[in-house]
Structures are given as C-alpha cells and as structure tokens.
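Asks: Final position of the sequence shown in full-length UniProt numbering is 597; the numbers increase by one with none missing.
Quick reminder that beta carbons are idealized off the backbone N, C-alpha and C, glycines included.
All of these numbers come straight from a predicted model, not from anything done at the bench.
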Amino acid sequence: MRSRLPPIPNLLRNLHSSPHLSSMATTALIFRSVCSPSSSLPTFRSPVTSSRPNIPFSASISTSKPLFGGLFGSVSRDGDWMRSGRFRKVYASQRGYRKVRGRSSVRRKEKGKELELDVKICVEEQLPDDPEILDIAEMLRLNVPMAMKLAFDDLKDSDYKTRDPAIDDVGQYENVELSLLLCNDDFIRQLNKDWRNADYATDVLSMSQHVPELNLPMLMLGDIVISVETAARQAEERGHTLLDEIRILLVHGLLHLMGFDHELSDEAESEMEGEEERLLKGLGWKGKGLIQSASTAEDDENPLPNTPTDGRKKEGSLRFYKPKFSYIFCDMDGTLLNSKSQISETNAKALKEASSRGVKVVIATGKTRPAVLTLLKSVDLAGKDGIASEYSPGVFIQGLLVYGTQGREIHRRNLDVDVCREAFNYSVEHNIPLIAFSENRCLTLFNHPLVDSLHTIYNEPKAEIMSSVDHLLSSGEVQKVLFLDTAEGVAGTLRPYWSEATAGRASVVQAQADMLEIVPPGSSKGSGVRMLLDHFGVTADEVMAIGDGENDIEMIELASLGIALSNGTEKTKAVANVIGVSNDEDGVADAIYRYAF
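1. Got a sec? Which residues, its chain only, sit under 6 Å from residue 119 by beta carbon, not counting five neighbours each side?
2. Quick one: grab the DSSP three-state call for residue 446.
3. What separation, rounded to the nearest whole angstrom, lies between the Cα atoms of residue 488 and residue 478?
4. Are the beta-carbon atoms of residue 389 and residue 359 separated by less than 8 Å?
5. With H, G and I counted as helix, E and B as strand and the rest as coil, what does DSSP make of residue 519?
6. Taking the straight line between their C-alpha atoms, what separation do you get for residue 281 and residue 209?
7. Is it buried or exposed for residue 406, if we count other Cβ within 10 angstroms and need 16 for buried?
8. Please name the residue, chosen from 416, 402 and 417, that lies closest to residue 410 on a Cα-to-Cα basis.
9. So, for residue 322: in the same chain, excluding its five sequence neighbours on each side, which residues have a beta-carbon less than 6 Å away from its beta-carbon?
10. Here's a check: name, in chain order, each residue in its chain whose Cβ is nearer than 6 Å to the Cβ of residue 257, leaving out the five neighbours to either side.
11. Could you tell me if residue 391 is buried or exposed, where buried requires 16 or more neighbouring beta carbons within 10 angstroms of its beta carbon?
12. Confirm, please, whether the CB-CB distance from residue 499 to residue 400 is below 8 Å.
13. With a threshold of 16 other CB atoms inside 10 Å of the CB of residue 433, please say whether the residue is buried or exposed.
14. By a C-beta neighbour count over all protein chains shown, 10 Å radius and 16 as the cutoff for buried, is residue 559 buried or exposed?
15. Which same chain residues, not among the five before or five after residue 219, have their C-beta less than 8 Å away from its C-beta?
16. Once you ignore the five residues that flank residue 550 on each side, which residues in its own chain have a CB closer than 8 Å to its CB?
17. Could you tell me the distance, in whole angstroms, from the CA atom of residue 515 to the CA atom of residue 506?
18. Run the CB neighbour count on residue 136, radius 10 Å, all protein chains shown included, and call it buried at 16 or more, exposed below.
19. Can you have a look at residue 161 and say buried or exposed, based on whether 16 or more other CB atoms are within 10 angstroms of its CB?
20. Can you give me the C-alpha to C-alpha distance between residue 319 and residue 343, rounded to a whole angstrom?
21. How close, in whole Å, do the beta carbons of residue 364 and residue 373 come, if the pair is a contact with beta carbons under 8 Å?
22. How far does the beta strand (DSSP E) with residue 409 in it reach, from first residue to last?
23. Which of helix, strand or coil does DSSP assign to residue 218?
24. Shortest alpha-carbon distance to residue 556 belongs to which of 114, 537 and 530?
25. Where does residue 327 sit, in a helix, a strand or coil, going by DSSP?
26. Indicate whether residue 147 and residue 279 have their beta-carbon atoms separated by less than 8 Å.
27. Report the partner residues of residue 420 according to the DSSP bridge assignment.
28. I'd like the span of the beta strand (DSSP E) that includes residue 169, first residue to last.
29. Sort out for me which residues DSSP pairs residue 545 with in a bridge.
30. Specify the secondary structure class of residue 490 as computed by DSSP and reduced to three states.
31. Using the Cβ count rule (16 or more neighbours within 10 Å means buried), how would you classify residue 459?
32. Using a Cβ-Cβ cut-off of 8 Å (strictly less than) and excluding sequence neighbours within five positions of residue 228, which residues of its own chain qualify?
33. Is the CB-CB distance between residue 368 and residue 397 below 8 Å?
34. Measuring alpha carbon to alpha carbon, tell me which of 347, 431 and 542 ends up nearest residue 599.
35. Buried or exposed for residue 428, please, with buried defined as at least 16 other CB atoms from any protein chain shown within 10 angstroms of its CB.
36. Which class does residue 120 belong to by DSSP, given the choice of helix, strand or coil?
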C-alpha cells in the first residue's frame with residue numbers, strides 16, 4: 001500500500017522567497033524547512049555492480065541520522081544497529097512535504113557521474129534485540145541496493161501501461177534515498193490507522209516522498225515499513241524463511257514506490273505481479289511474489305491468519321516485542337489452574353514464551369512448593385528450564401514461606417500454637433476436616449474424603465494422620481491451617497465464627513469458596529511478594545500480577561499492573577487495574593499476550 005504526503009506551506013513560501021538558489025542550496029533550504037538538526041556519523045560505501053552498462057551504480061549506506069527523506073532514522077553505528085525512536089515527531093514534520101511546487105532551474109547530475117543509492121535500514125525501538133532480526137537487518141544492507149539497482153535497470157524504456165511514470169529516468173539524479181523500517185504489528189497498525197484510516201496491521205506499507213515538481217538533484221524514493229511479526233506468520237504459512245518473506249515484501253514495497261499499484265485494475269495487478277517475479281528471479285531470491293502468494297491463498301480457501309485488532313499478541317509472536325515488565329507474579333488455584341485444577345496447554349505455552357523473552361515468572365500461591373512443582377511438571381514447566389524448581393524463587397503458603405535466589409528460604413512465619421490447638425479441637429468436636437500446613441507437609445487428625453481431595457485434586461502432599469493435637473503440634477512448625485467444608489458451611493458458619501475467635505491473633509482468608517484458611521495476622525501473599533522484590537532490589541513498577549481470590553488482593557494492589565480474572569471475587573476485581581478472561585478461558589495466557597509485551 002502506498003501513501004503520499006500532504007503539502008507544507010512554510011516550505012513553499014521559503015522556496016518562492018529565494019529566487020536564485022543552486023541545487024544544493026535549494027536542498028539545504030528544504031533540509032531546514034522540514035527537518036530537525038541531527039548529528040552526522042561516518043559513512044561507508046558498498047559497491048553494487050550493474051549487469052547492464054546503462055547506469056553506473058555504487059551504494060552508499062549512511063550511518064548518519066537522516067536529515068531529509070527517511071522518517072525513521074538510521075540503523076548502523078560503528079557496526080552496531082541503531083534503533084529508530086518513536087517516529088511520531090519526525091513523522092509529523094515529514095507529513096507536510098508532499099505536493100510542494102519548486103523551481104525548475106535545479107542543476108541535474110553531471111553526465112557520467114555515478115548514481116549513489118543511499119539506503120537506511122531501521123529497526124523500530126519496540127522490537128527486541130532478537131539475533132535473527134538483527135541478522136536480517138544486516139543482510140538487507142546489501143539486499144536493498146541490489147533490488148533497487150535491478151528495478152531501475154531499463155525503467156526508462158519500460159512499456160508498462162498502468163505504472164505511474166513520475167519516476168522514469170533515475171540516471172538524471174545524483175543519488176537515490178530509501179529508508180526501510182522493520183517493526184511489529186502494533187507499530188504498522190498505528191501507521192495504517194494514522195495514514196490510511198485503516199485500524200489493522202498489514203505486512204508492508206510504502207510511503208512515497210518523491211516530489212517531481214521540486215526537480216531536486218536527489219530522488220527521495222520514500223519509506224518501506226515491514227512488520228516482521230506478520231512476515232513471520234506468512235513465512236511459516238508459505239513454507240520459507242523469514243528472510244525470504246521480508247525480501248518478497250521489500251520487492252513489493254519498492255515497486256509501489258516506483259509507481260506500480262496492483263489495486264488499480266486487473267491489468268495493473270498483472271503488470272506488478274510480473275515485475276515482482278522478474279525481480280525475485282533476477283536477484284535469485286526464493287518464493288513467489290506477494291501478489292501471486294496472496295492469490296494462491298485465496299484459491300486454496302486458506303487465507304493467512306488475521307492480525308488481532310484488540311491488542312492481544314498472537315501466540316508465538318512475543319519475540320517481536322519488548323517486555324513491559326521484568327516479573328510476572330502468578331497465582332495458582334483459580335488463576336493458572338482451570339476449574340479442573342489443571343494447567344492448560346495454552347497457558348503453559350504463554351509462560352514458556354514469556355520466560356524465553358527474559359521475563360521472570362514467579363509463582364505466588366497458598367499452595368506448598370511440592371504441590372506447585374507437581375503441577376508445573378505435568379506441562380514441562382518445572383525444573384532447570386522451567387519457571388519453578390527447588391532452586392528458584394517463589395511465594396508459598398500465602399506468603400508465609402518465601403524463597404529467594406537459588407531457592408533459599410528468606411522468610412518464614414508460623415501460626416500461633418494456641419490458635420492451632422483451638423482450631424483442631426473445633427475440628428474434632430464438629431467433625432469438620434482441618435489440615436495443618438507445615439512447610440512441605442500436610443498434617444491432620446482424621447481421614448475424610450475432603451482431605452483426600454486436597455491431594456488427589458489439588459496435588460498437595462498426602463496428609464499425614466496424627467494421633468493427637470499434641471502429637472501434631474510437636475511434629476513441626478505450622479504456617480497455616482485450612483478448614484474444608486461446603487461453600488455454604490464456610491460462608492454461614494466457619495468464617496463468622498473464626499473471624500471473631502481469632503481477632504488480633506490470626507486472620508482468616510479464602511482462596512476457594514469451600515475452604516477457609518487461618519493465617520498469622522497481617523500476613524498475605526502481597527507481603528511475601530514485597531519481601532521478594534526487596535530481596536531482588538526490584539520495584540513494584542517492574543511487576544505484573546495475576547490472581548483471582550481475596551488472598552490475591554494485596555499482591556494485585558502492589559503490582560504496577562494488577563489483573564484479576566473474571567472468575568475472581570468481587571473484592572479482588574474491585575482493586576484490579578484490569579479484569580481478564582476467566583481461568584477456564586486461559587486467562588493467564590490472555591493477560592500475557594495482551595499486556596506483558
């Protein structure tokens with residue numbers, strides 16, 4: 001798709017007020033009118049030989065920030081890639097450059113002087129430092145001048161009927177300037193929205209900056225923007241490499257800048273398709289032209305996947321984005337786990353992808369560490385290459401056990417012994433099962449189907465039956481106790497009773513409707529998360545948190561972005577920045593693809 005730039009009245013006035021300017025003086029005046037000052041860096045040249053004698057070529061790949069023409073900034077600095085800034089300020093100043101009338105007395109290139117191809121390859125700042133992308137950008141430094149040279153050969157004598165002939169004989173110019181930007185879907189979508197009033201991402205966008213009326217000594221060919229995210233999906237769909245697909249998009253975008261437009265008519269489409277094939281074949285590049293590939297997809301009734309328009313990144317595309325957060329703290333029950341207490345494949349893939357992009361995923365849960373590792377192991381997320389192991393940080397048993405670097409314990413808090421004794425006496429008297437959590441063990445006084453379910457459904461360690469309350473309390477330190485009952489029994493009896501009975505000595509919290517937990521006063525997952533952040537020397541600004549229960553409230557409030565899933569409690573959703581989809585709809589994956597990058 002090709003876009004054109006609207007006029008700049010100030011530039012027009014400046015040109016008309018300067019009646020006798022040389023070509024370079026005119027150019028300098030335009031520089032001052034449409035560009036901000038920039039510092040120049042050294043340049044180097046890469047010769048491009050021509051297979052035909054009609055136009056001598058050499059390619060100059062400048063490392064200087066573009067003063068004129070390119071919208072996006074250059075890419076190479078002493079051998080390293082420079083990133084373009086967010087282009088909007090430059091973009092706004094450049095938009096006014098199209099359709100400005102200039103003087104016709106500008107001096108043309110001296111006969112016999114070589115035409116220079118000034119190519120600037122740019123990587124948008126939101127793309128991460130992905131080695132494949134940087135290698136492709138390096139390769140494009142050679143590929144783009146090669147494609148330009150071949151496209152310019154015989155252009156003057158071509159007999160295309162539908163091509164705009166505004167660019168005809170490039171031999172009359174001293175140099176040709178072209179910028180190419182690699183970006184992600186979000187960036188090109190915003191460009192389409194701003195320039196074309198089309199709120200969706202495309203694979204390639206061409207922006208012409210050629211103004212025939214100015215008669216400048218250089219040809220400002222324009223800018224080509226390519227979404228590597230869309231290109232990667234299309235490359236997979238079409239069975240070739242990402243570099244192959246980007247080369248195809250480069251050729252397509254270049255032809256648009258040279259006056260081809262396949263959307264005008266069937267004849268125009270046929271002519272542009274033929275030129276695409278000629279260039280790709282002449283350059284020895286793999287793949288069909290973009291027009292032919294799109295036609296094949298339509299014929300096969302297998303169109304390429306649409307780009308999401310709601311801000312959610314596609315699965316597998318996070319490598320084209322920079323993380324917004326250093327840490328993701330994630331709850332287990334009701335959040336990462338669905339209603340069957342399982343981790344879905346989609347959630348597992350999202351966590352692996354986020355972790356592979358350098359985001360540290362930390363589990364913050366009411367569960368024990370063995371229970372968490374058992375669940376994560378089932379989806380290949382436990383161990384050295386997973387997100388949790390015995391040597392990784394984590395917040396367990398409602399923040400009462402916190403493990404830091406190398407999995408070392410940095411915090412432990414135990415429940416008052418008298419509260420434990422009272423709770424177990426109540427359990428025996430009312431025949432309501434109660435379980436004590438003692439680090440990696442679960443202890444109880446009698447067996448019960450609900451006690452078994454804590455192991456079989458929730459993967460907690462199998463409860464050990466103790467002979468008496470004294471025996472239980474002497475077996476180890478207790479961090480919390482957990483009543484198991486019906487949701488009605490918890491809400492109508494247990495919670496009111498124990499809220500009053502433990503006042504000042506303990507707190508009651510709920511992660512599940514049919515469970516009531518008694519924990520030390522003032523403790524929470526949020527306090528455990530804060531201790532871990534202090535341990536790492538990290539601020540809450542670097543944290544995204546995902547949860548659902550009342551026990552997640554402090555953690556969600558602490559995080560820079562707190563997400564409560566839609567299945568969560570009303571109190572939790574009330575404090576969240578965002579309400580996500582439910583745990584049965586892969587809420588964790590949705591949150592990661594939508595907000596983490």
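Replies: Based on what the coordinates show:
1. Residue 119 sits at position 119 when you count from the first residue of the sequence shown. Closer than 6 Å at the Cβ level, and outside the excluded window around residue 119, lie 61, 144, 145 and 178.
2. If you number the sequence shown from 1, residue 446 lands on position 446. Coil at residue 446, not helix or strand.
3. Position 488 of the sequence shown holds residue 488. Position 478 of the sequence shown holds residue 478. When rounded, the distance between both Cα atoms is 27 Å.
4. Within the sequence shown, numbered from 1, the residue matching residue 389 stands at position 389. Within the sequence shown, numbered from 1, the residue matching residue 359 stands at position 359. Cβ distance not < 8 Å, so residue 389 and residue 359 don't count as in contact.
5. As a position in the sequence shown, residue 519 is number 519, starting the count at 1. If DSSP states are grouped into helix, strand and coil, residue 519 belongs with the strands.
6. In the sequence shown, the residue the question calls residue 281 occupies position 281. In the sequence shown, the residue the question calls residue 209 occupies position 209. Using only the alpha carbons, I get a separation of about 28 Å.
7. Indexing the sequence shown from 1 puts residue 406 at position 406. The residue in question, residue 406, is exposed, as its Cβ has fewer than 16 Cβ neighbours within 10 Å.
8. The residue you call residue 410 lines up with position 410 of the sequence shown. Of the listed residues, the one whose Cα sits closest to residue 410 is 402.
9. One-based indexing of the sequence shown puts residue 322 at position 322. Taken in chain order, the residues that qualify are 126 and 128.
10. Taking the sequence shown and counting its residues from 1, the one referred to as residue 257 is at position 257. Taken in chain order, the residues that qualify are 206, 208, 221 and 222.
11. Reading the sequence shown from its first residue, position 391 is the one you call residue 391. Classification of residue 391: exposed, given that the 10 Å Cβ count is below 16.
12. Stepping through the sequence shown from its first residue, residue 400 is reached at position 400. Stepping through the sequence shown from its first residue, residue 499 is reached at position 499. Not a contact, by the Cβ cut-off of 8 Å.
13. Locating residue 433 in the sequence shown gives position 433, counting from the first residue. With a threshold of 16 other beta carbon atoms within 10 Å, residue 433 meets it and is buried.
14. By 1-based counting over the sequence shown, the position of residue 559 is 559. Looking at its Cβ environment, which holds 16 or more other Cβ atoms inside 10 Å, residue 559 is buried.
15. Here the question's residue 219 lines up with position 219 in the sequence shown. By the criterion of a C-beta distance shorter than 8 Å, residue 219 is surrounded in its chain by 167, 170, 173, 175, 176, 177 and 210, once the five residues flanking it on both sides are discounted.
16. Indexing the sequence shown from 1 puts residue 550 at position 550. These residues qualify, in order along the chain: 509, 510, 511, 569, 571 and 572.
17. Here residue 515 refers to the residue found at position 515 when the sequence shown is read from its first residue. Here residue 506 refers to the residue found at position 506 when the sequence shown is read from its first residue. Whole-angstrom Cα-Cα distance: 16 Å.
18. The residue given as residue 136 occupies position 136 in the sequence shown. Residue 136 is buried by the Cβ-count criterion.
19. Against the sequence shown, residue 161 aligns to sequence position 161. Classification for residue 161: exposed.
20. Taking the sequence shown and counting its residues from 1, the one referred to as residue 319 is at position 319. Taking the sequence shown and counting its residues from 1, the one referred to as residue 343 is at position 343. About 23 Å.
21. Counting from one through the sequence shown, the residue named residue 364 turns up at place 364. Counting from one through the sequence shown, the residue named residue 373 turns up at place 373. Not really, about 15 Å apart at Cβ, beyond 8 Å.
22. Looking up residue 409 in the sequence shown gives position 409. Residues 409-412.
23. To locate residue 218, count along the sequence shown from 1; it is residue 218. Reduced to three states, the DSSP call for residue 218 is strand.
24. Mapped onto the sequence shown, residue 556 falls at position 556. For the residues 114, 537 and 530, the minimum Cα distance to residue 556 belongs to 530.
25. For the purposes of this step, residue 327 is taken as residue 327 along the sequence shown, with counting starting at 1. In this structure, residue 327 counts as strand in the three-state DSSP scheme.
26. Position 147 of the sequence shown holds residue 147. Position 279 of the sequence shown holds residue 279. Yes, the pair counts as a contact, with Cβ atoms nearer than the cut-off.
27. Position 420 of the sequence shown holds residue 420. DSSP output for residue 420 lists no bridge partner at all.
28. Against the sequence shown, residue 169 aligns to sequence position 169. Element bounds for residue 169: n/a, residue is neither H nor E.
29. In the sequence shown, residue 545 corresponds to position 545, counting from 1. Residue 545 pairs with 329 and 562.
30. Within the sequence shown, the letter at position 490 stands for residue 490. Helix at residue 490.
31. Counting from 1 along the sequence shown, the entry for residue 459 is found at position 459. Burial call: buried.
32. Here residue 228 refers to the residue found at position 228 of the sequence shown. Result list for residue 228: 127, 133, 136, 182, 183, 184, 242, 246 and 320, in chain order.
33. Looking up residue 368 in the sequence shown gives position 368. Looking up residue 397 in the sequence shown gives position 397. A contact, by the Cβ cut-off of 8 Å.
34. Because the chain spans 1 through 597 in this model, residue 599 falls outside it and cannot be assessed.
35. Locating residue 428 in the sequence shown gives position 428, where the first residue counts as 1. Under this definition residue 428 is an exposed residue.
36. On the sequence shown, residue 120 is found 120 positions in, with the first residue counted as 1. DSSP places residue 120 in strand when its eight states are reduced to three.
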